[in-house]
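Just below is one structure, and these are the notes that go with it.
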Amino acid sequence: MKKRLNEKLDILNILKGLIIGLMCIFLYFTFSTPQASTKDFTSVQNGMLNNIDLSTMELKDNISIKRFLDLEPEMFENIIYYKSQDALNADEIVLVQFKSSNDAKTFEDKMKARIDEQTNIFSGYAPEQADKLNNSVIDIQVNYACMIVSQDAKTIHDQFLRSL
Numbered sequence: 001m002k003k004r005l006n007e008k009l010d011i012l013n014i015l016k017g018l019i020i021g022l023m024c025i026f027l028y029f030t031f032s033t034p035q036a037s038t039k040d041f042t043s044v045q046n047g048m049l050n051n052i053d054l055s056t057m058e059l060k061d062n063i064s065i066k067r068f069l070d071l072e073p074e075m076f077e078n079i080i081y082y083k084s085q086d087a088l089n090a091d092e093i094v095l096v097q098f099k100s101s102n103d104a105k106t107f108e109d110k111m112k113a114r115i116d117e118q119t120n121i122f123s124g125y126a127p128e129q130a131d132k133l134n135n136s137v138i139d140i141q142v143n144y145a146c147m148i149v150s151q152d153a154k155t156i157h158d159q160f161l162r163s164l
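Quick note on our numbering: the sequence shown kicks off at 1 and runs consecutively.
As structure tokens, this is what we get:
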């Protein structure tokens with residue numbers, strides 16, 4: 001009788017251990033997977049560009065987005081594109097909010113292509129601009145992404161992450 005009771009207790013202890021283990025796994029995946037930002041686009045944009053001097057940059061329209069970035073603005077929930085007014089300056093800032101997370105790969109590929117193209121152009125005659133391009137940032141979050149080519153790329157990127 002005592003032996004049977006010990007066996008039942010052993011089985012219960014094993015089941016408790018399994019349940020606790022499964023709960024830990026569930027909690028890990030619940031809190032470790034990236035979550036979509038609930039912030040609206042304007043808040044993210046303002047937070048990202050807070051105290052950044054944009055006086056030498058121009059906010060581009062949808063035609064420029066297609067021309068320079070090879071992106072269709074309609075595929076995104078929101079998109080902004082700032083480009084230097086000076087053709088000899090590589091500075092660019094792109095912020096997008098995805099309609100679907102499937103669009104992230106397209107965005108990343110197009111931004112890498114843009115940076116490669118600009119690096120090839122600037123490396124021959126403007127090495128300081130090529131350095132900026134080599135230190136550029138492309139960051140994909142769940143429903144937002146950015147591409148930053150600037151002396152202030154790290155600051156802008158940090159502000160982007162905080163604004164999400």
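Just so you know, even glycine gets a beta-carbon here, dropped at the ideal spot from N, CA and C.
Check	Outcome
Output the distance between the C-alpha atoms of Asp91 and Asp152, rounded to the nearest integer angstrom.	10 Å
Note down, in chain order, each residue of its chain lying with its Cβ closer than 6 Å to the Cβ of Asp70, except the 5 sequence neighbours on either side.	Lys110
What does a CB cutoff of less than 7 Å around Ala126 pick up in its chain, not counting 5 residues either side in sequence?	Leu88
Which first and last residues belong to the alpha helix (DSSP H) in which Val44 is found?	Phe41 to Met48
Comparing alpha-carbon positions, which option in Phe98, Ala113 and Glu58 lies nearest Asp86?	Glu58
So Ile140 packs on Ile93, CB below 8 Å; how close in whole Å?	15 Å between Cβ atoms; not a contact.
Once DSSP output is grouped into helix, strand and coil, what is the label at Leu133?	helix
Rounded to whole angstroms, how far is the Cβ of Glu108 from the Cβ of Ile65, which I believe are closer than 8 Å?	Going by Cβ atoms, the distance from Glu108 to Ile65 rounds to 16 Å, so no, they are not a contact pair.
When the Cα atoms are used, what is the spatial distance from Ile20 to Glu7?	20 Å
Where does the unbroken alpha helix (DSSP H) through Ala181 begin, and where does it stop?	Outside the modelled stretch of the chain, which goes from 1 to 164, sits residue 181, for which no answer is possible.
Under DSSP, the alpha helix (DSSP H) around Glu117 begins and ends at which residues?	Asp103 to Phe122
Around the Cβ of Asp16, are there at least 16 other Cβ atoms within 10 angstroms (buried) or fewer (exposed)?	Reading off the sequence, residue 16 comes out as Lys, not Asp. Answer is exposed; the Cβ neighbour count stays below 16.
Going by alpha carbons, who is nearest to Phe68 out of Thr56, Ile115 and Ser101?	Ile115
Bridge partners for Ser84 per DSSP, in chain order?	Met57
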